[in-house]
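Trainee: Note that this note's numbering has the sequence shown beginning at 2, numbered continuously upward.
All C-beta atoms, glycine included, are put in the ideal place defined by N, C-alpha and C.
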Amino acid sequence: MRKIIYISGIDGAGKTSISKQLLKEFLAKDIKTKYTWATLRPFLLRPIIIIAKFIFVRKYDKFENYSKHQGHKKESLKKFNFLMPLQFLIALIDYYPQYLFKVYFSSKLYNIIITDRYYVDFFIENGILANWTPEKTYNKIINYQNFFK
């Protein structure tokens with residue numbers, strides 16, 4: 002039976018360290034295992050991200066004044082919130098092939114896939130960006146979960 006072990010958490014929490022340790026332990030037991038970092042690497046979204054960074058966050062450098070940078074970014078995003086459904090759709094189209102290659106197809110070749118991040122993180126990150134409620138984020142995860150089985 003194929004299994005996916007999904008490790009989630011905030012940046013710096015130790016997801017990669019735990020994932021790599023699990024990988025070593027499974028491989029030491031001769032269990033065919035693969036590690037993957039299953040987050041979105043923007044391809045289709047890259048031009049949009051570059052433009053958005055220029056528009057939304059150019060006023061304050063996050064390394065000089067992070068709170069002003071975040072405040073400006075949040076206020077700018079509110080003005081363009083109507084574009085968030087389009088951004089989400091493009092992100093989903095961008096992410097899905099990556100998921101297929103990183104997780105789905107690999108799960109056909111390995112007994113265990115250890116994922117550092119997973120599609121749930123994709124929805125949470127998009128929910129934060131679009132200012133979704135926790136309920137809306139949860140509903141999106143539930144509504145799309147059949148695409149990620």
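#1: Could you name the residues that DSSP lists as bridge partners for residue 36?
#2: Using the Cα positions of residue 79 and residue 142, report the straight-line distance between them to the nearest angstrom.
#3: With a Cβ-Cβ cutoff of 8 Å, do residue 114 and residue 27 count as a contact?
#4: Count the other C-beta atoms from every protein chain shown that fall within 10 angstroms of the C-beta of residue 134, then say buried if there are 16 or more, exposed otherwise.
#5: Counting only beta-carbon atoms, is residue 44 nearer than 8 Å to chain C?
#6: Can you grab the Cα-Cα spacing for the pair residue 32 / residue 109, in whole Å?
#7: Is residue 6 near residue 45, with beta carbons less than 8 Å apart?
#8: Can you give me the Cβ contacts of residue 118 inside the same chain, cut-off strictly under 6 Å, excluding the 5 residues immediately before and after it?
#9: Under the DSSP definition of a beta bridge, which residues are partnered with residue 4?
#10: Evaluate residue 9 with the Cβ neighbour count: other Cβ atoms within 10 Å of its Cβ, from every protein chain shown; 16 or more gives buried, anything less gives exposed.
#11: Can you tell which of 47, 52, 145 has the C-alpha that lies nearest to the C-alpha of residue 97?
#12: Per DSSP, what kind of secondary structure is residue 135 in: helix, strand or coil?
Mentor: Working from what's here:
#1: By one-based count along the sequence shown, residue 36 stands at place 35. Beta-bridge analysis with DSSP links residue 36 to 115.
#2: Within the sequence shown, numbered from 1, the residue matching residue 79 stands at position 78. Within the sequence shown, numbered from 1, the residue matching residue 142 stands at position 141. The C-alpha of residue 79 lies about 23 Å from the C-alpha of residue 142.
#3: Residue 114 sits at position 113 when you count from the first residue of the sequence shown. Residue 27 sits at position 26 when you count from the first residue of the sequence shown. Taking 8 Å as the Cβ cut-off, residue 114 and residue 27 do not qualify as a contacting pair.
#4: In the sequence shown, counting from the first residue as 1, residue 134 sits at position 133. Looking at its Cβ environment, which holds fewer than 16 other Cβ atoms inside 10 Å, residue 134 is exposed.
#5: Protein chain content of the structure displayed is limited to a single chain, and chain C is not contained in it.
#6: On the sequence shown, position 31 is the one that residue 32 refers to. On the sequence shown, position 108 is the one that residue 109 refers to. Linking residue 32 to residue 109 through their CA atoms gives a straight-line distance of about 14 Å.
#7: Here residue 6 is taken as the residue at index 5 of the sequence shown, counted from 1. Here residue 45 is taken as the residue at index 44 of the sequence shown, counted from 1. Note that the C-beta distance between residue 6 and residue 45 is not below 8 Å.
#8: Here residue 118 refers to the residue found at position 117 when the sequence shown is read from its first residue. Result list for residue 118: 39, 40, in chain order.
#9: Working through the sequence shown from its first residue, we reach residue 4 at position 3. DSSP, once it has assigned bridges, lists 113 as partnering residue 4.
#10: To locate residue 9, count along the sequence shown from 1; it is residue 8. With fewer than 16 other Cβ atoms within 10 Å, it is exposed.
#11: One-based indexing of the sequence shown puts residue 97 at position 96. Nearest to residue 97 by alpha-carbon distance, out of 47, 52, 145, is 145.
#12: The sequence position of residue 135 within the sequence shown is 134, counting from 1. Of the three classes helix, strand and coil, the one that applies to residue 135 here is helix, per DSSP.
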